Amino acid sequence: MSRFISVSSLLFLILCAFLSIFLILPAKANAKIYINIYQAQIKKIRVAVPDIKNLTKYNQHSSIAGKFARIIRHDLSVIGYFHIVNPVSYLEDPQTAPIKVSKVNFSDWSLLNTQYLINGEYKIKNGKIKIKANLISVYSQRLLLTETLKGGISSYRYLANKLADNVLQFLTGVKGPFTTKVFFVGEKNGVKNIFAMDFGGHRVKKITDNSSINIFPYPSPDGKKVAYISFKDGNPAVFIKDLKTGNTVKLNLPGPADYVAWSPTGKKLALSLTPNRYSTEIYTANPNGTGLIRLTDTDGINISPSFSPNGNRIAFVSNISGGPQIYIMNSDGSDQHRITFNGSYYNTNPAWSPNGKKIVFTSFINGTLQVCVINPDGSSERLLTDTPYSAQDPSWTRGSKIISFNTEIAGRQELYLIDLNESGMMRLMPHLFPEMRNYSNPVWTLKSVY
């Protein structure tokens, strides 16, 4: 019996070793996906990103070399699948090292246990920047991806984010969120306004500017408009702002509005309205407020609708069974059924993942609100956060792998990100506006908006 156990253990170890090697080996040259991110407890992939080489005459604009690389390091470090090899440990000068794969000193990178190398060079002429960047497998010593990126000098940040998007998609098959935009609420002295910024916390823009309460921003699928709830005229109402023209329209709806969300096509809105004192119901309407259709009909509260990515179903919150719970219905209001049965009396804020496979929501657990995720059929519910203070208002970034939310840190609500694999929380932007007290309600565009 003992001999049988030892042989079995040996075979198991051999199998594990084979699988671990398989996970880090590049696939065939024509394959797109190299890393199986759906593998449970995947070991982080070690990536090195040296400063890119400056080929500009007289070494002008030399600071872009480091800035470009730092943006990529930051972007990929947010994703739970990558470990960025510390630049302090790099053994070569990026301004003299060759970027061509046939001339790369792979032994130096192997000593640092580097699996993938991202290198590049740039040249600036007549106010334009041209960047050539490579993704290289250190193990197989092969060029996997090469990109030529062009734009104005000031576009280097966008180009770095775009490269990070492309690298992530090439290696994992998942679209990166790095060229998308997040809308959120900033609060000071009880006044709440809506802001937008890029993934890295740059190009912050104030969307509303009044002394009232503006909440629940929701960008349109094309990223050109944002719908939100505002109290600026008294009762809460739905407003839609055109981000290009700046024009804002207030929808004429029968009663106060509690929430608004776009359909995946942008042709419909899902709304929660209270046309009388006693019940808040879910409706759909055209973006101009016409064509109002009531979907729920109870004596309770039905709020926070979220469309599935195909537009066929809607997740929402209802208290018809007592406390607020997550429900799902067809987009015409049929087949309404509850999916949360986790023992918590308070489950709210559902958001459907862009790939349709998960719903993230907030649950009151052990005295605080925490972020949970569940399948649309109610199975495989899982706790994502375990913060000392409440974590709430979850939403998805593009790619269905990263979730944003707000939680309290040192007495202040701030925005955080967490990977679906629970690889750790990361603050979305360490220092937003010092004059703002709290940040909440983060919601992302699903298209690149720059």
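So in our numbering, the last one in the sequence shown is 1506, and the numbering has no gaps at all.
Where a beta carbon is used, it is the ideal one built from N, C-alpha and C, also for glycine.
Remember, it's a predicted structure, so these values are computed and weren't measured experimentally.
Check: Stretch pair the segment 1429-1438 + the segment 1193-1207: three plus CB contacts closer than 8 Å; Outcome: no
Check: Closest by C-alpha distance to Ser1210, when choosing among Ile1120, Glu1177, Phe1239, Ile1269; Outcome: Ile1120
Check: C-beta contact flag for Pro1312 and Asn1332 at 8 Å; Outcome: no
Check: Neighbour-count burial assignment, Pro1310, 16 or more Cβ in a 10 Å radius; Outcome: exposed
Check: The segment 1161-1174 in contact with the segment 1187-1199 per 3-pair CB rule at 8 Å; Outcome: yes
Check: Residues that DSSP places opposite Glu1437 in a beta bridge; Outcome: None; Glu1437 has no bridge partner.
Check: According to DSSP, residues forming a beta bridge with Arg1468; Outcome: Ile1465
Check: N-terminal and C-terminal residue of the beta strand (DSSP E) that Arg1369 is part of; Outcome: 1369-1374
Check: Cβ pair Trp1408, Phe1363 closer than 8 Å; Outcome: yes
Check: Pair within 8 Å by beta-carbon distance, Tyr1212 and Phe1124; Outcome: yes
Check: Start and end residues, beta strand (DSSP E) containing Ala1407; Outcome: 1403-1408
Check: Pairwise C-alpha distance: Asn1497 and Pro1361; Outcome: 14 Å
Check: With 16 other Cβ atoms within 10 Å as the buried cut-off, status of Asp1449; Outcome: buried
Check: Residue closest to Gly1379, alpha-carbon to alpha-carbon, out of Phe1272, Arg1369, Phe1420; Outcome: Phe1420
Check: Exposed unless 16 or more other CB atoms sit within 10 angstroms - verdict on Asp1221; Outcome: buried
Check: Straight-line Cα distance separating Leu1425 from Ser1400; Outcome: 10 Å
Check: Cβ shell of Trp1318 (< 7 Å), same chain only, five flanking positions each side left out; Outcome: Tyr1274, Ser1276, Pro1277, Ala1283, Leu1325
Check: DSSP state of Lys1156 mapped onto helix, strand, coil; Outcome: coil
Check: Extent of the continuous alpha helix (DSSP H) run through Gln1225; Outcome: 1212-1228
Check: Exposure of Asp1149, with buried meaning 16 or more beta-carbon neighbours within 10 Å; Outcome: exposed
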